[in-house]
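Colleague: Note that the working numbering gives residue 39 to position 36 of the sequence shown, counting from 1, and the numbers run on in steps of one. Glycine included, C-beta positions come from ideal geometry on N, C-alpha and C.
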Amino acid sequence: MSSRTPLIAGNWKMHKTGSQAVQAANQLKNLINGVTGVEVMIAPPFTALYPVAQALKGSRIAVGAQNLHWEQQGAFTGEISSEMLVDAGCSHVIIGHSERRQLFGETDAGVNRKIQAALSAKLIPVFCIGETEAQRENGDTFSVLDKQVRDGLLGFAFDDLTGLVVAYEPVWAIGTGKTATREQAQEAHQFIRSLLDKLLGNPFASSVRILYGGSVKPDNVRALMEMPDVDGALVGGASLDPETFSKLVSFNH
């Protein structure tokens with residue numbers, strides 16, 4: 004296990020109304036009250052961000068958004084800006100999630116602009132990358148990750164990216180019940196870290212947290228977290244139930 008403080012992040016996707024989200028957040032807060040040595044973040048839907056952030060004020064659970072637009076304001080119907088997220092109580096934002104890339108046509112160039120917008124607003128970007136099943140079967144995993152990292156972080160220097168979190172999500176393991184073996188996860192994370200070392204230098208590469216995302220559950224989280232380059236998890240379905248998610252958060256207890 005690495006010396007970097009692990010981050011367990013829950014992506015609630017398009018689930019929970021405002022009142023349901025507040026109830027779940029309060030339950031989670033109570034369940035993980037005594038857990039130490041791990042950071043926790045949840046990303047409710049936009050409509051629940053403000054009430055959840057209010058409910059979690061003073062707690063150790065950070066609130067993140069699931070997306071943002073790269074412009075501060077303007078005629079972008081249906082979009083939301085970094086300033087709005089900060090105002091709602093967010094400290095983090097997920098950028099480039101595979102569902103955004105797959106279903107909504109998000110590009111590496113767009114991800115790059117969104118990371119810039121997040122950092123300008125002092126939001127911590129959770130920068131998502133990962134290959135599809137076809138790409139893995141074709142032996143393209145590393146070339147896909149290489150392009151996503153290089154294009155996503157193009158133009159940034161080490162100093163710009165303070166707090167950045169990378170999340171490796173093999174697309175074939177999201178919501179499918181398939182999980183990368185811990186060796187597959189470690190191999191991908193090690194590749195990402197060595198690429199960051201080349202692009203941005205060792206101090207950045209050795210300090211950045213790389214999360215694993217893809218069917219993480221209470222029964223596999225500890226094995227994944229024992230890998231030297233796995234610094235936490237970005238959890239989808241298993242984060243919706245506070246009881247289940249609290250078990251993930253307390254993997255070390």
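(1) Let me check understanding here. Comparing Cα to Cα, which of 114, 101 and 148 lies closest to residue 71?
(2) So for residue 7, helix, strand or coil by DSSP?
(3) With DSSP run on the structure shown, which of helix, strand or coil describes residue 95?
(4) Could you check if residue 172 is buried or exposed, using at least 16 other CB atoms within 10 Å of its CB as the buried criterion?
(5) Whole angstroms is fine: what's the gap from residue 251's alpha carbon to residue 167's?
(6) Which partner residues does residue 170 have in the DSSP bridge list?
(7) Using three-state DSSP, classify residue 17 as helix, strand or coil.
(8) Assign residue 234 to one of two classes, buried (16 or more other C-beta atoms within 10 Å of its C-beta) or exposed (fewer than that).
(9) Rounded to whole angstroms, what's the CA-CA distance from residue 68 to residue 142? Just pull it up for me.
(10) How would you call residue 109, buried or exposed, if buried means at least 16 neighbouring beta carbons within 10 angstroms?
(11) Hey, quick one: how far does the beta strand (DSSP E) through residue 43 stretch, first residue to last?
(12) Assuming the contact rule is C-beta atoms closer than 8 Å, residue 98 and residue 130 should be a hit. Round their C-beta distance to whole Å, please.
(13) Give a yes or no on whether the C-beta atoms belonging to residue 42 and residue 56 are separated by under 9 Å.
(14) Could you give the distance in angstroms between the alpha-carbon of residue 244 and the alpha-carbon of residue 11?
(15) Along the chain, where does the alpha helix (DSSP H) that runs through residue 176 open and close?
(16) On a Cα-Cα basis, can you pick out the residue from 86, 80, 20 and 82 that is closest to residue 125?
(17) Got a sec, what are the start and stop residues for the alpha helix (DSSP H) residue 114 sits in?
(18) Hey, residue 96 and residue 121: beta-carbon distance below 9 Å or not?
(19) With C-beta atoms as the reference, is residue 111 less than 9 Å away from residue 75?
(20) Compute the distance between the beta-carbons of residue 238 and residue 204, then report whether it is under 9 Å.
(21) With DSSP collapsed to three states, give me the class of residue 233.
(22) Per DSSP, what are the beta-bridge partners of residue 66 in this structure?
(23) Just to confirm, is the Cβ distance from residue 127 to residue 169 under 9 Å?
(24) Leaving out five residues on either side along the sequence, give the residues of the same chain with a beta carbon under 8 Å from the beta carbon of residue 160.
Modeller: In short:
(1) Of the candidates 114, 101 and 148, the residue whose Cα lies closest to the Cα of residue 71 is 114.
(2) Coil.
(3) Strand.
(4) Residue 172 comes out buried.
(5) Going by C-alpha positions, residue 251 is about 22 Å away from residue 167.
(6) Answer is 131 and 214.
(7) Residue state, collapsed to three classes: coil.
(8) Note on residue 234: 16 or more other CB atoms within 10 angstroms of its CB, so buried under the neighbour-count rule.
(9) Rounded to whole angstroms, residue 68 to residue 142 spans 33 Å at the Cα level.
(10) Buried, by the Cβ-count rule.
(11) Run containing residue 43: 42–46, per the beta strand (DSSP E) assignment.
(12) Yes, they are in contact, since the Cβ atoms of residue 98 and residue 130 sit about 5 Å apart, within 8 Å.
(13) No, they are not a contact pair.
(14) Roughly 14 Å separates the two Cα atoms.
(15) Counting along the chain, no alpha helix (DSSP H) covers residue 176, and no H or E run does either.
(16) The candidate whose alpha carbon is nearest that of residue 125 is 86.
(17) Segment 111–123, the alpha helix (DSSP H) holding residue 114.
(18) The beta carbons of residue 96 and residue 121 sit closer together than 9 Å.
(19) Taking 9 Å as the Cβ cut-off, residue 111 and residue 75 do not qualify as a contacting pair.
(20) No; because the gap between Cβ atoms is not below 9 Å, this pair is not in contact.
(21) In the three-state scheme derived from DSSP, where H, G and I count as helix and E and B as strand, residue 233 is classed as coil.
(22) Partner(s): 45.
(23) Contact: no.
(24) Within its own chain, the residues whose Cβ lies closer than 8 Å to the Cβ of residue 160, once the five positions on either side in sequence are excluded, are 203, listed in chain order.
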